[in-house]
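The listed protein sequences correspond, in order, to chains L and C.
The first sequence begins at 0 in numbering that gives the first Met the number 0 and counts up one residue at a time.
The second sequence begins at 0 in numbering that gives the first Met the number 0 and counts up one residue at a time.
All C-beta atoms in this analysis are idealised placements derived from N, C-alpha and C, irrespective of residue type, glycine included.
Inspection log for the structure reproduced underneath, given as structure tokens.
Number of protein chains: 2
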Amino acid sequence: MSPVPAEAAKSTSDVVVDRKPFAIPGFLVNAVETGMRYRGRPDLALILCENPEGAACGGVFTKNLFEAAPVKISREHLKESGGRVGAVLINAGIANACTGLEGLVRAKRTARLLAERLRLRETSVLVASTGVIGNHIKVETIEARIPELLSNLSPDAWDLVARAIMTTDTRPKVACAEGEIDSSIIRVGGVAKGSGMIAPNMATMLAFICTDVSIEPDTLQEILSQVTDKTFNAITVDGDTSTNDTVLVLASCHPEGAVVGKDEPKKLEFFELLLEAVCRDLAIQIVEDGEGATKTVEIRVIGAPTRDAAMAVAKTVAQSPLVKTAIYGGDANWGRVVAAAGRAGVSFDPDRLSLYFDNLCVFKDGRPLDDEEVEKRATEIFSRPRFRICLDLAAGSEEATVWTCDLTHGYIDINARYRT
Amino acid sequence: MSPVPAEAAKSTSDVVVDRKPFAIPGFLVNAVETGMRYRGRPDLALILCENPEGAACGGVFTKNLFEAAPVKISREHLKESGGRVGAVLINAGIANACTGLEGLVRAKRTARLLAERLRLRETSVLVASTGVIGNHIKVETIEARIPELLSNLSPDAWDLVARAIMTTDTRPKVACAEGEIDSSIIRVGGVAKGSGMIAPNMATMLAFICTDVSIEPDTLQEILSQVTDKTFNAITVDGDTSTNDTVLVLASCHPEGAVVGKDEPKKLEFFELLLEAVCRDLAIQIVEDGEGATKTVEIRVIGAPTRDAAMAVAKTVAQSPLVKTAIYGGDANWGRVVAAAGRAGVSFDPDRLSLYFDNLCVFKDGRPLDDEEVEKRATEIFSRPRFRICLDLAAGSEEATVWTCDLTHGYIDINARYRT
């Protein structure tokens, strides 16, 4: 893959994203098996930044009131370190959520152990967990695996990391992109996990994205928040949010990488585009691997009075069980889509709403286009594994996009007897 | 059934509600088959008030922006008639929603035709429809059946009315209660339909409740709004609301009935209790008949800072697909319940939350009661067809109750290929 030239990338969609392992200058990674819950697979991953100053880091965490212990610790460390992070340690199988003070003590001890081994400040180590709520991680078990974890670090073992953080995921999720601006290359690559948007016993959304640019932590945090709103916060499998959700972006500030900052808005904008493209691809991979999902659908709302309004309508449609079952059944049921839009709590004139399935108009100015040919083509579109539902509210110029999947027998199978 | 004495009814639960046909002095009803969509079953129902002044009437309608034509007409007529209604005409099979100006004209013409036959003012006739969105009702077909509809009116054919308004419902829904206060009897009886909270092609929630009390329309409207919040607005099958949702309460102001008004708060309160008991029972019948449902669960939130907060937590838990699939699978998954509560947008201290399944405490002050015996008993409770999930937020003294059903393979079957 050759880097996308900045002048050829006007929007996120212009960025080519690869779903294969990569290497980002300044980062080493590895993963090992602890056996804490799983057998025969890695479940403890490490991302290490070689820069002695640490990577510049931005983080977005769950808004659930039940915040897991590792989320509390990482949030605090990120703040205390001024956004300078040397290492991130992630375990799968045990979430360390709803574990009280003892859970906090164990998460903190794990970070401290790793910091001591790496001669880092404790606050420059972040931790993340995913797995069963209510269970404690075993600090001694983790401690015993740290030497092996550190002995085989490699710049390109991202696929191993992606596999180590899986729970109910059926496949690892990796994405990377490269861009070129003013003769310097910007590299962005990341891994993610998530299947049910949450199944608090055994899912969670985690994503770790690395880049070689030099950037201030504050600027990176700002960009990540904007990008997350348009990517990881714009997907839904079942509308739930977990106790452990964590997205981190780490910039190694590598000498080979580009310098991006607020004094160079063009470069900063291009970096944001690349980051958004990678985050969007990882987010879509989560939806594609949604529990029981057989189809991925983009819900786009245009002509909205505000972006929040557009998002509210898009999310209501994306989360409607009736829309999601219609997608599963290949039933191009426009009535369910417009009725979901109508209850989103957004004010618009129903007599001006238009609805498109891919490029096919099925509903115009508040009325269905009742026509056998339209119905036939709409049904064909709903049989595809990927398509777009677009609503034009004709009430402004703001827009939003959300990705969703279908609600299937598979979802019920997975979730009805999860713990047994 | 003998009437509940007012002094023995301290709360709604003290009122005995019967699920059998009834008669309310002052009302005559009937239903016939039009064949507009169904064959071999009644699909056009009439509720007629014998009082020449009309019944005092209160109405609550859908908040969906896509308001069906009959909802628009009934809302307008209710206002223009000053809450005095002589007749209600209901058809099933065709919703007359998203039908534009022509839909409005047809709904209005139907009301006018019936008004002329009954020598009523047009605005004292209300109409309601449920069925396929986008299809028009046939005015001539309805007109042709009106003579038959009027020729066989009876005071106790409520079961026929309940069957005539069904769409995806698997059974008719009827409920009635009687109370005695100061030597006078208060009778309340009603019918409802609804299965998916909405399947905009073929469902909707409709409810019609009659009583013999004498009451001012304004007072009745006020009471209905309060009662609806605690009953019909406190149930969820799939979280959707339809284009046609309508709840009407009609009081015949019959000489035999009690006089209830604001100058007699004790009587008014007792009437409200009876009305709430009947509405709650009808609402629960809708949940019990929820699409694919096998279990009915009461979600109760106590210790909330405000009633709105309690309702928000209860609804978030009640609508969580992960909670609903756990109920289906008989998996007493407390983690899903607390995680849903934590993302409800309500501020409370997660370290003080307690959770009960029926009377069994499974989670106390933010921590699970991890114990084999608790787990065994919790699993037994989740195997029951009816049980209660109670969350104590320990953040105030307000409370709310919502009723929900499980999310099952049956729901997917019904909704994935609804129109085929």
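I'd like to know whether the C-beta of residue i is nearer than 8 Å to at least one C-beta of chain C.
| i | result |
| --- | --- |
| L/Asn414 | yes |
| L/Leu64 | yes |
| L/His408 | yes |
| L/Ile388 | no |
| L/Thr242 | yes |
| L/Leu148 | no |
| L/Pro384 | no |
| L/Cys404 | no |
| L/Asp217 | no |
| L/Gly132 | Note that residue 132 of chain L corresponds to Ile in the displayed sequence, not to Gly. Yes, L/Ile132 lies at the interface with chain C (some Cβ there is under 8 Å from its Cβ). |
| L/Asp369 | yes |
| L/Arg366 | yes |
Have a look at residue i and residue j and give me their C-alpha separation to the nearest angstrom.
| i | j | result |
| --- | --- | --- |
| L/Glu49 | L/Leu27 | 7 Å |
| L/Glu142 | L/Leu45 | 13 Å |
| C/Thr33 | L/Phe386 | 40 Å |
| C/Lys78 | C/Leu112 | 20 Å |
| C/Ile427 | L/Val104 | Outside the shown range of chain C (0 to 419) lies residue 427 of chain C, about which nothing can therefore be said. |
| C/Asn90 | C/Ala399 | 34 Å |
| L/Lys294 | L/Ile326 | 8 Å |
| C/Thr98 | L/Phe362 | 12 Å |
| C/Pro20 | C/Ser213 | 22 Å |
| C/Ile23 | C/His253 | 9 Å |
| C/Arg416 | C/Lys172 | 25 Å |
| C/Ala54 | L/Thr407 | 47 Å |
| C/Ala198 | C/Val226 | Interpretation of C/Ala198 is limited by its pLDDT of 41, a score under 50 that renders its predicted location unreliable; the figure taken from the coordinates is listed afterwards. Between C/Ala198 and C/Val226, the C-alpha separation is close to 24 Å. |
| C/Ala343 | L/Thr230 | 22 Å |
| L/Glu121 | L/Cys404 | 40 Å |
| C/Ala96 | C/Arg383 | 39 Å |
| C/Thr240 | L/Gly291 | 26 Å |
| L/Cys360 | L/Leu272 | 31 Å |
| L/Ala303 | L/Ala313 | 11 Å |
| L/Val258 | L/Ser10 | 21 Å |
Drop a sphere of 10 angstroms on the beta-carbon of residue i, count the other beta-carbons inside from all chains shown, and report buried for 16 or more, exposed for fewer.
| i | result |
| --- | --- |
| L/Met201 | Unreliable positioning characterises L/Met201 in this predicted model, as indicated by a pLDDT of 46, which lies under 50. A coordinate reading is not provided. |
| L/Asn52 | The sequence shown places Glu at residue 52 of chain L, rather than the Asn named in the question. Under this definition L/Glu52 is an exposed residue. |
| L/Asp369 | exposed |
| L/Phe181 | What sits at residue 181 of chain L in the sequence shown is Asp, not Phe. Classification of L/Asp181: exposed, given that the 10 Å Cβ count is below 16. |
| C/Asp168 | buried |
| C/Arg299 | buried |
| C/Gly341 | buried |
| L/Ser346 | exposed |
| L/Ala7 | exposed |
| C/Thr140 | exposed |
| C/Pro367 | buried |
| C/Tyr216 | With the sequence shown as reference, residue 216 of chain C is identified as Pro, and Tyr is not the correct amino acid for it. Buried, by the Cβ-count rule. |
| C/Thr419 | Note that C/Thr419 scores 49 on pLDDT, short of 50, meaning its location in the model is unreliable and no value can be drawn from it. |
| L/Gly39 | exposed |
| C/Leu205 | buried |
Roughly how far, in whole angstroms, is the beta-carbon of residue i from the beta-carbon of residue j, given that I think they are within contact range, below 8 Å?
| i | j | result |
| --- | --- | --- |
| C/Val84 | C/Val187 | Wrong, their Cβ atoms sit about 17 Å apart, outside the cutoff. |
| L/Leu159 | L/Asn29 | 7 Å |
| L/Ala161 | L/Pro69 | So it is not a contact: roughly 19 Å between Cβ atoms. |
| L/Leu249 | C/Asp237 | So it is not a contact: roughly 41 Å between Cβ atoms. |
| C/Thr203 | C/Asn243 | 4 Å |
8 Å is my cut-off, CB to CB: does residue i come that close to chain L?
| i | result |
| --- | --- |
| C/Cys360 | no |
| C/Arg36 | no |
| C/Val289 | In the sequence as presented, Val is not what sits at residue 289 of chain C; that position holds Gly. It does not: the Cβ of C/Gly289 has no partner Cβ on chain L nearer than 8 Å. |
| C/Leu103 | no |
| C/Tyr327 | yes |
| C/Thr295 | no |
| C/Leu392 | no |
| C/Ile411 | yes |
| C/Leu205 | no |
| C/Lys19 | no |
| C/Gly99 | yes |
| C/Asp168 | no |
| C/Leu77 | no |
Using 8 Å as the threshold, is the segment 260-270 of chain L in touch with the segment 211-222 of chain L, meaning 3 or more CB pairs across them?
-> yes
Can you find at least 3 beta carbon pairs, one from the segment 278-294 of chain L and one from the segment 164-183 of chain L, that sit closer than 8 Å?
-> Yes: at least three Cβ pairs fall under 8 Å.
Would you call the segment 389-407 of chain L and the segment 339-359 of chain L touching, i.e. three or more CB-CB distances under 8 Å?
-> yes
Could you please tell me which residues of the segment 331-346 of chain L, in chain order, have their CB closer than 7 Å to any CB of chain A?
-> Of the protein chains in this structure, namely L and C, none is chain A.
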